[in-house]
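Take a look at the structure set out below.
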Amino acid sequence: MKKMLTRIGVRPESIKRAAIAMYEAEINAVIHARGGKAIVMILPDSVRIEIVDQGPGIPDVDLAMKEGYSTAPDTAREMGFGAGMGLPNIKKHSDEMKIDTEVGKGTTVTIIVRF
Ligand SMILES: Nc1ncnc2c1ncn2[C@@H]1O[C@H](COP(=O)(O)OP(=O)(O)O)[C@@H](O)[C@H]1O
Ligand SMILES: [Mg+2]
């Protein structure tokens, strides 16, 4: 994604925001949902990133969005993850963020960053 955005002349600041937001959503899919897939759509004025997983879902999205809230297992914490700042960081670095989630089914995080 970074390479493609660079190639079409997107300013580094916007690329950085998109990369941080995407990274956090990907890490969440790996840590909390045993992985998932990324769909990236590049438009003339924005990039839309969807991270889709079939993990456990998020029972309380408002709570999950709180800074410092984390259910990450100790194994993830030992590797430096689980600070509870991922979702707040996605919010901070994106222009639009949407969480579609169903307990027992999975989660889709949609991120839009405008250039
Ligand atoms: N894709 C996901 N599937 C299930 N739960 C998630 C997912 N993403 C986030 N969560 C829940 O939201 C919480 C907060 O996420 P985040 O702010 O990224 O913190 P962290 O990943 O450090 O725990 C997680 O601890 C987890 O309970
Ligand atoms: Mg996280």
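Per this note's numbering, the very first residue in the sequence shown carries number 4; after that it's consecutive. Built from N, CA and C at the ideal position, the CB exists for glycine as well.
Could you please go through the chain and list the residues whose beta-carbon is closer than 5 Å to any non-hydrogen atom of ligand 2?
Asn31, Gly89
Is the separation between the beta-carbon of Ile102 and that of Ala24 shorter than 7 Å?
Locating residue 102 in the sequence shown gives position 99, counting from the first residue. Locating residue 24 in the sequence shown gives position 21, counting from the first residue. For Ile102 and Ala24, no; Cβs fall outside 7 Å.
Alpha-carbon to alpha-carbon, Arg10 and Asp65:
For this step, residue 65 is matched to residue 62 along the sequence shown. For this step, residue 10 is matched to residue 7 along the sequence shown. Going by the C-alpha atoms only, they are around 37 Å apart.
Which whole runs of the beta strand (DSSP E) in the region 36 to 111 are 3 residues long or more, in chain order?
39 to 45, 49 to 56, 99 to 105
Tell me, please, which residues DSSP counts as bridged to Val116.
Taking the sequence shown and counting its residues from 1, one reaches residue 116 at position 113. Beta-bridge pairing links Val116 to Val50.
Kindly give me the distance between the Cβ atoms of Leu90 and Val50, rounded to whole angstroms, as I take these residues to be in contact under 8 Å.
By 1-based counting over the sequence shown, the position of residue 90 is 87. By 1-based counting over the sequence shown, the position of residue 50 is 47. In fact, because the Cβ distance is near 19 Å, the residues do not count as touching under 8 Å.
From the beta carbon of Thr74, is the nearest beta carbon of chain C less than 7 Å away?
Absent from the structure is chain C; it holds one protein chain and no more.
Count the CB pairs spanning the region 52 to 70 and the region 30 to 38 that are closer than 8 Å, and state whether there are at least three.
yes
With respect to the alpha helix (DSSP H) encompassing Arg14, which residues constitute its N-terminal and C-terminal limits?
In the sequence shown, the residue the question calls residue 14 occupies position 11. No alpha helix (DSSP H) holds Arg14; DSSP gives it neither H nor E.
Proximity to Met68 [Cα-Cα], best of Phe118, Asp48, Met100, Leu46
Within the sequence shown, the letter at position 65 stands for residue 68. Answer by Cα proximity: Met100.
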